[in-house]
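*Asks:*
Numbering (the working numbering), first residue to last: 29 to 292.
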């Protein structure tokens, strides 16, 4: 297992786009320490902030996270990255495969554009987790994103496919959703705002947008299959499907092919 151990708080935001097990397996320790990770003209290198220990394995552990570590696991295609502590923005952005685990909190846009693999955040996540970054066409795009704690506003904004789970979330969860499945134990106001397609499963919510219409209760095979799929990821979320469910259809301000299932 290769290990990066944080020696001191980074002096500026660091970009970890190219710090992954596959890239590091091709480098010597000295070469890895010289990798540029700074985001300003001061030229911060990996070895300036981290003690580096490489063994060529497919697992990279980052001991001692920090909110200034941006794009950790971005574009990861294979192997695993584990972070002990917090990370900054765009965790796992564009990820294509592998596993990414964070023991602490993550900044905004976690899982943006991730098309494969599994991202697990033990703590909280910032706004737009699983959402689209500026000018991007889609947010989460096929990966699985699990947030054990609380997510901020606009969870899953423009999500196109995949599974997104959160303990709690702020307002506008599932906003502008294109497709996919989002489940949360509780969300804020206006869930599904502007959604076109997709499925939201929620335990409780704030104010519902007037452009969603209640369509009653249903006993569908789809819900049983969804429960089976979620059970392997989170028993709490799967348990929502064991309760009576009210279905809302919308957003009527768009093509109205989305649905929100609310556990009673």
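C-beta: ideal position from N, C-alpha, C; glycine also.
#1: For residue 249 and residue 156, what's the separation of their Cα atoms in angstroms?
#2: Pull up the distance between the alpha-carbon of residue 141 and that of residue 247, whole angstroms please.
#3: What does the alpha-carbon distance come out to for the pair residue 216 and residue 199?
#4: List in chain order: all unbroken beta strand (DSSP E) runs of 3+ residues lying wholly within the segment 212-240.
#5: If you run the structure through DSSP and keep just helix, strand and coil, what is residue 121?
#6: Leaving out five residues before and five after residue 255 in sequence, what residues of the same chain have Cβ atoms less than 7 Å from its Cβ?
#7: Between which residues of its own chain and residue 105 is the CB-CB distance below 6 Å, once the five residues before and five after are set aside?
#8: I think residue 239 touches residue 278, with their Cβ atoms under 8 Å apart; what is that distance to the nearest whole Å?
#9: Considering only C-alpha positions, which residue in the set 174, 186, 176 and 47 is nearest to residue 162?
#10: When DSSP builds the beta bridges, which residues end up paired with residue 288?
#11: Just grab the DSSP bridge partners of residue 111 for me.
#12: Check this for me: beta carbons of residue 73 and residue 62, under 8 Å apart or not?
#13: For residue 181, tell me which candidate among 79, 135, 71 and 263 has the shortest Cα-Cα distance.
#14: Would DSSP call residue 247 helix, strand or coil?
*Replies:* Per the coordinate set shown:
#1: Sequence index remark: in the chain shown, residue 249 carries index 221 (1-based). Sequence index remark: in the chain shown, residue 156 carries index 128 (1-based). C-alpha separation (whole angstroms): 31 Å.
#2: Sequence index remark: in the chain shown, residue 141 carries index 113 (1-based). Sequence index remark: in the chain shown, residue 247 carries index 219 (1-based). Whole-angstrom Cα-Cα distance: 33 Å.
#3: By one-based count along the chain shown, residue 216 stands at place 188. By one-based count along the chain shown, residue 199 stands at place 171. About 4 Å.
#4: 225-230
#5: Taking the chain shown and counting its residues from 1, one reaches residue 121 at position 93. Reduced to three states, the DSSP call for residue 121 is coil.
#6: Start at 1 with the first residue of the chain shown, and residue 255 comes out as number 227. Around residue 255: 266 and 269.
#7: Translated into the one-based positions of the chain shown, residue 105 becomes position 77. Hits under 6 Å: 124 and 125.
#8: Taking the chain shown and counting its residues from 1, one reaches residue 239 at position 211. Taking the chain shown and counting its residues from 1, one reaches residue 278 at position 250. 5 Å between Cβ atoms; contact.
#9: Taking the chain shown and counting its residues from 1, one reaches residue 162 at position 134. Out of 174, 186, 176 and 47, 186 has the C-alpha closest to the C-alpha of residue 162.
#10: For this step, residue 288 is matched to residue 260 along the chain shown. Paired residues: 228 and 276.
#11: Reading the chain shown from its first residue, position 83 is the one you call residue 111. Paired residue(s): 90 and 130.
#12: Sequence index remark: in the chain shown, residue 73 carries index 45 (1-based). Sequence index remark: in the chain shown, residue 62 carries index 34 (1-based). In this structure, residue 62 lies closer than 8 Å to residue 73 by Cβ.
#13: Walking along the chain shown from the start, residue 181 turns up at place 153. Cα-wise, what sits closest to residue 181 is 135.
#14: In the chain shown, residue 247 corresponds to position 219, counting from 1. Here residue 247 sits in coil by DSSP.
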